[in-house]
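Asks:
In my numbering, the protein residues as written are 9 to 431.
(1) Output the distance between the C-alpha atoms of residue 203 and residue 193, rounded to the nearest integer angstrom.
(2) Leaving out five residues on either side along the sequence, give the residues of the same chain with a beta carbon under 7 angstroms from the beta carbon of residue 325.
(3) Look at residue 35 and residue 98 and say whether their C-beta atoms are less than 7 angstroms apart.
(4) Out of 378, 416, 251, 294, state which residue places its alpha-carbon closest to the alpha-carbon of residue 273.
(5) On the CB-based measure, 16 or more other CB atoms within 10 Å of its CB, does residue 429 come out buried or exposed?
(6) In three-state terms, what does DSSP make of residue 193?
(7) Taking the alpha-carbon positions, what's the residue 286 to residue 245 distance?
(8) Closest to residue 254 by C-alpha separation, out of 240, 232, 145, 376, would be which residue?
(9) Select from 28, 422, 405, 29 the residue whose C-alpha is nearest the C-alpha of residue 69.
(10) Quick check on the burial criterion: 16 or more other C-beta atoms within 10 angstroms. Buried or exposed for residue 137?
(11) Between which two residues does the beta strand (DSSP E) carrying residue 298 extend?
(12) Among 389, 84, 427, 402, which one has its Cα closest to the Cα of residue 167?
(13) What number of angstroms, rounded off, separates the C-alpha of residue 143 from the C-alpha of residue 218?
(14) How long is the line joining the alpha carbons of residue 92 and residue 82, rounded to whole angstroms?
(15) Are the region 46-63 and the region 389-404 touching by the rule of at least three beta carbon pairs closer than 8 angstroms?
(16) Please confirm if the region 315-329 is in contact with the region 151-163, defined as three or more CB-CB distances below 8 angstroms between the two stretches.
(17) Compute the Euclidean distance between the alpha carbons of residue 100 and residue 299, then round it to the nearest angstrom.
(18) Determine, using beta carbons only, whether residue 139 and residue 41 come nearer to each other than 7 angstroms.
(19) For residue 38, is the classification buried or exposed, using 16 other Cβ atoms within 10 angstroms of its Cβ as the cut-off for buried?
(20) Quick one: using the 10 Å Cβ neighbour count with 16 as the cut-off for buried, is residue 257 buried or exposed?
(21) Note down the Cα distance separating residue 431 from residue 146, rounded to an integer number of angstroms.
(22) Going by beta-carbon coordinates alone, are residue 435 and residue 379 separated by less than 7 angstroms?
(23) With 16 as the cutoff for other CB atoms within 10 Å, does residue 174 come out buried or exposed?
(24) Ends of the beta strand (DSSP E) at residue 148?
(25) Residues in the same chain with beta-carbon distance under 6 angstroms from residue 357, minus the five sequence neighbours each way, listed in chain order, please.
(26) Taking the C-alpha atoms as reference points, what is the distance between residue 182 and residue 191?
(27) DSSP three-state call for residue 243: helix, strand or coil?
(28) Put residue 371 into one of helix, strand or coil per three-state DSSP.
(29) So residue 308 and residue 154 are supposed to be a Cβ contact under 8 angstroms. How far apart are they, rounded?
(30) Straight-line CA distance for residue 296 to residue 75?
(31) Which runs of the beta strand (DSSP E) at least 3 residues long sit entirely within the region 37-76? Give them in chain order.
(32) In the region 200-270, which residue ranges form an unbroken alpha helix (DSSP H) of at least 4 residues, counting only runs that do not cross its ends?
(33) Could you give the C-beta distance for residue 149 and residue 260, rounded to a whole number, given that I count them as a contact under 8 angstroms?
(34) Find the nearest neighbour of residue 393 within the set 278, 200, 407, 337, judged by alpha-carbon distance.
(35) Within the region 317-348, note down every full alpha helix (DSSP H) run reaching 4 residues or more, in order along the chain.
(36) Mind checking who residue 12 pairs with in its DSSP beta bridge?
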């Protein structure tokens, strides 16, 4: 089977979904291809929660489709401050893709790229049912997270920090049966046992700490615990998403290392829930609700674009003539050294008083004129990516590139021309 489309988006995670909806609403003929059995990526299959900071005191930094989805979640009882219900999120994504006229194919991966000079001509996909199909398009979008399409097309990619080491991976899981009254009492009476930003009067309980309990548990033989226990309250009664497991020094684009990381984190999950029941006040009657089917990969391959967004851009709150996404979340690296919690880090309280921008040039391949790159594989250095990889920011990338693709096709302009013009 051979198809022809205006735009092919590979990867239906949060960035790919937003790009598809934006492009579809603009009237483009869009095909969205996803390897998993559902859309949403880390926001649904990965159980990632919450939406990390995407607002200043003056208001939200990410509007448009993302804001619509927040309102839809709230209307259906699936939003609690900035945490959300991943199952309700799936339903909303599917509804919006359908209403935008997006063609969706799941359970399919790219297996071959036809390239002519600086253009991708077509991509061949293979489905888990054993059939293949090929798609021609004017523009392609790599929203795979691992830069799979870019890598297969021969675009330059890079990975890891200066030494080549990747960020840790995390397998999320959700818990039910939590007594939050007891959790709040514990924080009130033992505040030094938590990070300083943890408060008992939060609208949504986001809790990280339990340093004393972890030390006691380790002495009792618990050998798979992280240096702190971190969970976020979810919509519903007594529910939480646990963001604590870590698998270090493994590459998410090596299938053997990725499989080993999942195995490591599964064992940690088992020990964590036992630890929580025995040591964490309010978790005595808790149990695992579900474990993510998609590994939480913070960083793997990144694509070289027309501009490489950097950690210095984050620190300077840099704005750009072609800025298309605004964000405020700071540099957040998870590796062995950064996860050793110092006294200074325990007392630190993040400050969010300004924003930085992601330039359109960081969403355009330097090697292929009709390839856009969004999500955590966008053009960035290691520390810049660690800040901009979070869900609201990559949602902003998606909806921005969807609009830009419409402009490129309707006006006959290249992506680089639009970026250079700063429009």
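We treat Cβ as the ideally placed atom computed from N, Cα and C, and that holds for glycine.
Replies: So, from the listed chains and residues:
(1) 16 angstroms
(2) 362, 363, 364
(3) no
(4) 251
(5) exposed
(6) helix
(7) 21 angstroms
(8) 232
(9) 405
(10) exposed
(11) 295-299
(12) 389
(13) 52 angstroms
(14) 9 angstroms
(15) yes
(16) no
(17) 21 angstroms
(18) no
(19) buried
(20) exposed
(21) Unreliable positioning characterises residue 431 in this predicted model, as indicated by a pLDDT of 49, which lies under 50. The coordinate reading is nonetheless provided below. Distance between the alpha carbons of residue 431 and residue 146: 20 angstroms.
(22) It is not possible to answer for residue 435, since the shown part of the chain is limited to 9 through 431.
(23) buried
(24) 140-150
(25) 204, 205
(26) 16 angstroms
(27) coil
(28) helix
(29) 5 angstroms
(30) 30 angstroms
(31) 38-41
(32) 219-227
(33) Going by Cβ atoms, the distance from residue 149 to residue 260 rounds to 20 angstroms, so no, they are not a contact pair.
(34) 337
(35) 319-323
(36) 144
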